[in-house]
Structure formats: C-alpha cells, structure tokens
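For the protein sequence lines, the chains are Z and F, in the order given. The numbering of the first sequence is our numbering, which starts it at 1 and goes up by one. The numbering of the second sequence is our numbering, which starts it at 1001 and goes up by one. Quick reminder that beta carbons are idealized off the backbone N, C-alpha and C, glycines included. Below is one structure, written out as structure tokens, with a few remarks after it.
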Amino acid sequence: MESSAYITLKDVVFSRSGRRIFDGVSLTIPKGRITAIMGPSGTGKTTLLRLIGGQLKPDSGQVNVAGHEVPRLKRKALYTLREKMGMLFQSGALFTDLSVYENVAFPLRVHTRLPEDMIRDIVLMKLEAVGLRGARGLMPAELSGGMTRRVALARSIALDPELVMYDEPFTGQDPIAMGVLVKLIRDLNSSMGLTSVMVSHDVKESLSICHYACIIADGKVIGEGTPEQLRAHPSERVQQFLNGEPDGPVPFHYPASSAASDFGVTGGRA
Amino acid sequence: MTDRIAALGRRGLDIIASLGRSGRFLAGVLAGIPRPVSGFPLLVQQLYSVGVLSLPIVLVSGLFIGMVLALQGYTILSDFGSEAAIGQMIALTLVRELGPVVTALLFAGRAGSALTAEIGLMKATEQLSSMEMMGVDPLRRVIAPRLWAGFIAMPVLAVIFTVVGIWGGMLVGVEWLGVFDGAYWGNMQSAVNFVDDVLNGVIKSVVFGFVCAWIAVYQGYDCVPTSAGISSATTKTVVYSSLAVLGLDFALTAVMFGDF
C-alpha cells in the first residue's frame, strides 16, 4: 500500500456492558482506497465505525481520522469533522417524514447557505449518480430496500465527504440491488476520490471491490491484506470465514455440557 | 436476603442514574438555544402536531367536564337554595384545578405518548444516529423544538379547556336548568380573582407542560430501541407524567392556596 493512511487505530480497547468487544485492535485504513472490514456477526464491526465516527469512545487506545485524535475532540470540532464523513447505515436511516429529495437536501440545508436552485442542482446530481433522479418525489415508505440504500448513499455524499463508511451495505439485498450497490461503491470511490470503509460479512462482494481487507474476530484482527493475500492466508480461522465452512476453529456447537448428560444417557447402555 | 437487599440497592441506583441522565439531557437540550432562522419553522411544525392536533380532545373534554360540573353542582347547591352560585363554583374549580390538571393528563396521553413513540422510533431506525453522523445534533434539531412546543402549547390548551368548560357549564346551568344568567356570570366575575386564581392556574399549567414534555422527550430519547422498548417507554411517559402532574398539583396547591 503506497497511499498514506487516512484512519489509524492503535491498540483500541472497547467494552460494553462488561463485555470486551475490542481487545487491542490496530488497523490502518489507506486514503483513497476501499477497505473492507469483515468478520462474523456480533464481532463489533458496526461498533468500529461508531468509534471512527466518534459516537463511541474507546476505553483506551488511539483513533486517528485525517490527523485528528477523535476521542479527544471537543463537541464542536467533532461535528465539524463529521461534515467530512458520510455514513451509510444498514437500515438506510432516511428521515421518514421527508421526501427523497428533502432527505438528500437535508445536510446541504443544515451545513451550507446555498441558494435553493443550487441545492436543487446538487440534489439532482447526487440522485442521478445513484440512478434515482426520477424518484425524487417519493417518500421513504414507498421505496424498496435497495432504493432506500441508494437514496441514503446519495444523502451521505451530498456534502462531498472525504470518507464514506458503509455499514453492511449488501445485507438483505436481492442480486440486482447488490450488483447496483457494488458498482456504486466502486464508481463513487474512483470518481470522487473517496476513502471508503465497508463493514460487511458478504465475503464475495466485499473482496470483489475492496483494495484492502481485514478480518476481525474475538476482539482482534485475525488477518489483513489485499484480497489475494487473504485468500492465501495460512490461518485456519481466516479460511473458515472466507469459505463459509460450518465447522472449524469456530465450532458448530455453542459451548454446552456433554450431550450424554443432557439427554440422560450417562453410562450404562452403549 | 442479601440478594434482595442488593436488588433493592441496584434498583435505587438505577433510578438515581436515570434521574441524573434526564437532568443532563435537559441541560443539553436547553443549552442549545434554537437558532431563530432555522429553528422557528421546526418549532411551528411541532406546535402544530403537539398543540393544534390536541385541540379536539381538549375541546370535547372541556365541554363535557363543564357540563357535568354544572349538573352535579346544581343538584348539590339547589338543596341549599344557592344554585345561583353555580357559576363561581364551576369557574373556580376549572381555573384553579381541573383546567390545568385534566389538560395535563390529556396532554400526556395524546401528545406525550406520541412524542415518545416518535423519538423512540427515530432512535430505533437509526435516524438520530445518522443525524449525529451528519454533524447535526439531534438534541437541538429533534428534541429541543418538541420540548419547547410542549412547554408553550400546554398553558394555551389549559386556558382553552377552562374557557370551553365554563361555556359548557353555562349551557347546562343556564340554558337547561334555568339558573339566571346574570347570576351565573355576575357571581363568577366577583368570585374569581385574576392574580390568585387565573394566574396561579396558568403557572400550574406551565409547570405541568414543562414536566410532561420533558418526561415525554426523555423517555423517547432514552428508550431501548426495540419494539418492546418503545412500548414500555410510551407507557412510562403516560404513567410518570400523570403521577408527576397529580403530585406536583398537590404541592403547588398547598403553596398557592394553602394560606389558611
């Protein structure tokens, strides 16, 4: 990776409700590239995005975004930094009382003093980029899941951010919607010079578009590198995750007492 | 036994922690004074949904309560031949007590529960989170206009309730039961004092409005973002608001009218 780091996490430790979610995670996310963060459900991938966005603070360790130490930022500086970030939430998180057009216009209206006709042009350009210029009059309730995410994507790039974070962008999408999202993430990254961070457990799609990937499990980074490096990774856990094998280092069975004692067949009959 | 004591202590700590959170939350909301230009349209929109949309229930309840007061008052007062005092009885009851209290209870049920559910659902669907990530503080953008709207709407609704109640009392007392209308209005005019009765009633409704709106927005903001969490938060809003209103009403009445 010759490009410089945009986000650096160093020895991040984070616990919630007594459970340790990250136990010394260190990670570098290069500028202008697509980085995929993968891992089984419940490993805190979304939490990682929230740490980067400053919605959560680590117990210890450093989270550095674009030269700013996020956990130490004052409220105002943090909100200013967030104007350079876009985030695509898993549910889309569109404002249900606003139309598609108003949803995309929202960040522009709040953060800029642009005249209405310029806001209109920008909104239509962003909607055009995601292929939904014709849907501007619809309400969020009238959109399909894939369209919701595309509108949310248009909204997250409305202010031309430097960084876009995608939280499980492919989950629950039909093959066509998934293909559209893959293409959008790739195209937006190259055309806008974005730094993209994508959290996902869809291995195939993620590895097809990312430049760099890392796998998190049990609070640690268990493997990282380019997609090719990961596919050839020696770790059994990485291979189990990438190939979706039902049994392996992550056991099929949830830890339990012995089956024999549960079924009441201790000893005796063979 | 020790487990029970520990559980009791934990519950106590939870309650205190929740009170602390709600206090910090309120400070956070009030610290961000809404910007006049961008905040005003949001406030107007909330005044409409919190205030104007509560009008039907407030008008109908006010009318019926006034009418019932007239019926009950007439039955009792006519035993003593003093049914002419019905006007002052209805007016004092409504202005001092029933206007602010019943409006606050209706307000908690209609507007408070709606506020909690709306904010809770915004939280569950990550709308509040996405606002934060866009660099917009949801406390200022979402919570503050709703809190202020409740605070402003409640006294106005209470005054409307009282006026309609007095008018309903007149319908039954004067038009139906035949009390002389000069006595109805005249006794009312001489008995009701602007500062002692009307102003104190308005102060009560201001306090109730503030408490109800605070409980409603806090419960929504603090809820567990699941369907069960939102339903429990909505219930809590109505229960806590009602209890707070009735308790505060006693305290305020003791301070305002307890000078024997």
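- Counting along the chain, Arg75(Z) sits inside no beta strand (DSSP E); it lies in the alpha helix (DSSP H) bounded by residues 75-82.
- Under the Cβ distance rule, Ser91(Z) counts among the residues neighbouring chain F, one pair being separated by less than 9 Å.
- The C-beta of Asn1193(F) has fewer than 16 other C-beta atoms within 10 Å across all chains shown, which makes the residue exposed.
- DSSP places Gly225(Z) in the strand class (E or B) of the three-state scheme.
- Under the 10 Å beta carbon count, Ile52(Z) is surrounded by 16 or more other beta carbons and is classified as buried.
- Residue nearest to Ala1149(F) within the set Ala1254(F), Leu1053(F), Arg1011(F) is Leu1053(F) (criterion: CA-CA distance).
- Counting only runs of at least 4 residues, the stretch 115-177 of chain Z fully encloses the following alpha helix (DSSP H) elements, listed from N- to C-terminal order: 116-129, 145-156.
- Taking the Cα positions, Val130(Z) is about 8 Å away from Leu153(Z).
- By the C-beta criterion, the stretch 1179-1189 of chain F is judged not to be in contact with the stretch 1104-1120 of chain F, since fewer than 3 inter-stretch pairs fall below 8 Å.
- At the C-beta level, Ile1160(F) and Val1058(F) come within 9 Å of one another.
- At a cut-off of 9 Å between C-beta atoms, His111(Z) counts as an interface residue with respect to chain F.
- Taking the CA atoms as reference points, Val182(Z) sits about 20 Å from Met85(Z).
- Inclusion of Val1217(F) and Ile1152(F) in the CB contact set at 9 Å is not warranted, their separation being larger than that value.
- Sequence-distant Cβ neighbours of Phe170(Z) in its own chain, meaning closer than 7 Å and more than five residues away, are Met178, Leu181, Ser200, Asp202, Glu205.
- Only those residues of the stretch 101-128 of chain Z whose C-beta falls short of 7 Å from the nearest C-beta of chain F are listed: Pro107, Val110, His111.
- Counting along the chain, Ser200(Z) sits inside the beta strand (DSSP E) bounded by residues 195-200.
- From the listed residues Met1067(F), Ser1190(F), Gly1112(F), the smallest Cα separation to Gly1051(F) is found for Gly1112(F).
- Per DSSP, reduced to three states, the secondary structure at Asp1259(F) is coil, with no helix or strand assignment.
- In this structure, the beta-carbon distance from Phe1208(F) to Asp1249(F) falls below 9 Å.
- Within the same chain, and ignoring the five residues on either side of Leu73(Z) in sequence, the residues whose Cβ sits closer than 7 Å to its Cβ are Gly54, Leu81.
- Less than 9 Å separates the beta-carbon of Val238(Z) from that of Gly223(Z).
- Contact between Val197(Z) and Leu163(Z) holds, with the beta-carbon distance rounding to 7 Å and staying under 8 Å.
- Any Cβ of chain Z closer than 9 Å to the Cβ of Gly1135(F) would place that residue at the interface, and such an atom is present.
- Look at Gly42(Z) here: in three-state DSSP terms it is coil, with no helix or strand label.
- In the three-state reduction of the DSSP assignment, Ser26(Z) falls in the strand class.
- Annotation: the continuous beta strand (DSSP E) that includes Leu9(Z) extends over 5-16.
- For Gly1062(F) against Tyr1184(F), the beta-carbon gap comes to about 17 Å, at or over 8 Å, which does not count as contact.
- Counting C-beta atoms within 10 angstroms of its own C-beta, Tyr1074(F) has 16 or more neighbours from the protein chains shown and is therefore classed as buried.
- In this structure, the alpha-carbon of Pro1145(F) lies about 9 Å from that of Leu1139(F).
- Taking Leu49(Z) as reference, the option from Glu142(Z), Ile7(Z), Thr226(Z), Ile122(Z) with the minimal CA-CA separation is Ile7(Z).
- Secondary structure at Val65(Z): strand, using DSSP grouped into helix, strand and coil.
- Interface with chain Z (9 Å Cβ-Cβ cutoff): Glu1126(F) is included.
- In chain order, Met1133 make up the part of chain F whose C-beta sits under 7 Å from the C-beta of Gly53(Z).
- A Cβ-Cβ separation of about 5 Å places Asp167(Z) in contact with Thr46(Z) under the 8 Å criterion.
- Rounded to the nearest whole angstrom, the CA to CA distance from Met125(Z) to Pro107(Z) is 15 Å.
- Nearest CB-CB separation between Ser1129(F) and chain Z: below the 9 Å threshold.
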